[in-house]
Amino acid sequence: MIKALAAKSANKKLEPFEYEESIGANDVLVSVEVCGVCHSDIHLADGDWGDVFPLVPGHEVIGTVKQFGESVSGFEVGQRVGVGWQCDSCNECEYCKDGKETFCLKNQPTCMGHHGGFADELVANERFVIPVPEALDSAQAAPLLCGGVTVYTPIDMYAKPGDHVAVVGIGGLGHLALQIAKAKGCKVTAISTSADKEEMAHQFGADEFVTEPATNTYDLILNTAHVVLPMGEYIKALRGGGTFVQLGVPAEPFCIEDITSMFDGNKKIAGSGIGHPHKIKELLELAAEHNIAAQVQVMPMGEVNEAMDITRQNKARFRVVLKN
92 MIKALAAKSA
102 NKKLEPFEYE
112 ESIGANDVLV
122 SVEVCGVCHS
132 DIHLADGDWG
142 DVFPLVPGHE
152 VIGTVKQFGE
162 SVSGFEVGQR
172 VGVGWQCDSC
182 NECEYCKDGK
192 ETFCLKNQPT
202 CMGHHGGFAD
212 ELVANERFVI
222 PVPEALDSAQ
232 AAPLLCGGVT
242 VYTPIDMYAK
252 PGDHVAVVGI
262 GGLGHLALQI
272 AKAKGCKVTA
282 ISTSADKEEM
292 AHQFGADEFV
302 TEPATNTYDL
312 ILNTAHVVLP
322 MGEYIKALRG
332 GGTFVQLGVP
342 AEPFCIEDIT
352 SMFDGNKKIA
362 GSGIGHPHKI
372 KELLELAAEH
382 NIAAQVQVMP
392 MGEVNEAMDI
402 TRQNKARFRV
412 VLKN
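According to my numbering, the sequence shown is numbered sequentially starting from 92.
Take a look at the structure:
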């Protein structure tokens, strides 16, 4: 019997919840050490993404292998591992065969239609269970499994060493993006209207801190804030061939005032969410090599409702992590 914390309906506090879970031939049972609290958990618990109840949130899990199915190979009991937003896929479609499992039409989120990591144990398919390098601290590494790989993926896709990357918003995603872009050999600009974050932005790897973008300057702009920016201004800030990536989920519709502003220079607008399993593995290895770490506030798993409120109210600097 797995012991967890669940919301029975939208906007309700999480409460103790128990359930039974079978371990399939290709599954791994993970004993949960820590689990990050992500804004996606808030959206789920608040009912923003539909009826997913009873809901056991949590998809930034680090723990140890407790048991695995008969067809599983490459893992040992007691080995430290992580599980992110996705815990399974069909393993048969063109995307799964090409290592692009997050595109699979049958992808299984870790905490939607499946019980997540606010629990003592978690079951996931072996392909989505990622070894955690010894050099990483569990609590500081947990947010890398979702928040971290969400920003790593577009940096890896759209930027190369020497490119100029701008990060808008120095919060849970932004402070990781600054570290990752710097580790990937990019010039890094932090853009924020909060002047008190300038010193921290430099500590996270920013080469410069500005309150508004410069024209014709950036190869890649990542908007980690949950707002729609003045897109005309930001498209002009891109260099030729540059890409603007929206990562934060804004409350209002995303609007591009003048689509023709993208034509000159073949500029692109993209979205990005989570990351394929092999990208999570790449990020954890990069983090171990370059000391990339989330700034976290660690709280006992039993204080889950307080942790959710801190995250909901954007009071976390920069991520809350629950510990068993």
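All residues carry an ideal CB built from backbone N, CA and C; glycine is no exception.
In the DSSP assignment, residue 272 falls within the unbroken alpha helix (DSSP H) covering 265 to 274. In the three-state reduction of the DSSP assignment, residue 201 falls in the coil class, being assigned neither a helical nor a strand state. When only Cα atoms are considered, residue 172 and residue 127 end up about 14 angstroms apart. DSSP places residue 408 outside both helix and strand once states are collapsed to three, so it counts as coil. As summarised for the stretch 126 to 179, the continuous alpha helix (DSSP H) elements at least 4 residues long and confined to that stretch are 130 to 136, given in chain order. Annotation: the continuous alpha helix (DSSP H) that includes residue 372 extends over 368 to 381. Taking C-beta atoms as the reference points, residue 117 and residue 178 fail to come closer than 9 angstroms. For residue 282, the three-state secondary structure derived from DSSP is strand. One thing to note: residue 286 has its Cβ no nearer than 9 angstroms to the Cβ of residue 295. Your pair residue 402 and residue 133 checks out as a contact, with CB atoms roughly 6 angstroms apart and the cut at 8 angstroms. In the three-state reduction of the DSSP assignment, residue 109 falls in the strand class, which pools E and B.
Residue 245 and residue 269 have their C-alpha atoms spaced approximately 13 angstroms apart. Annotation: residue 206 is outside any beta strand (DSSP E) and is labelled neither H nor E by DSSP. Between residue 209 and residue 385, the C-beta spacing is not below 9 angstroms. The shortest C-alpha to C-alpha distance from residue 106 to any of 254, 233, 146 is the one to 146. In the pairwise beta carbon analysis, the stretch 179 to 199 is classified as not touching the stretch 250 to 257: fewer than three pairs are separated by under 8 angstroms. Under the three-state reduction of DSSP output, residue 231 falls in the helix class. Close CB contacts of residue 163 within its chain, under the 8 angstroms cut and outside five residues either way in sequence, are with 116, 117, 118, 119, 217 (chain order). As computed with DSSP, residue 390 is found in a beta bridge with 413. In the same chain as residue 360, and ignoring 5 residues on each side of it, the C-beta atoms closer than 6 angstroms to its own belong to 335, in chain order. Residue 254 carries a coil assignment under DSSP once its states are collapsed to helix, strand and coil. Counting along the chain, no alpha helix (DSSP H) covers residue 102, and no H or E run does either.
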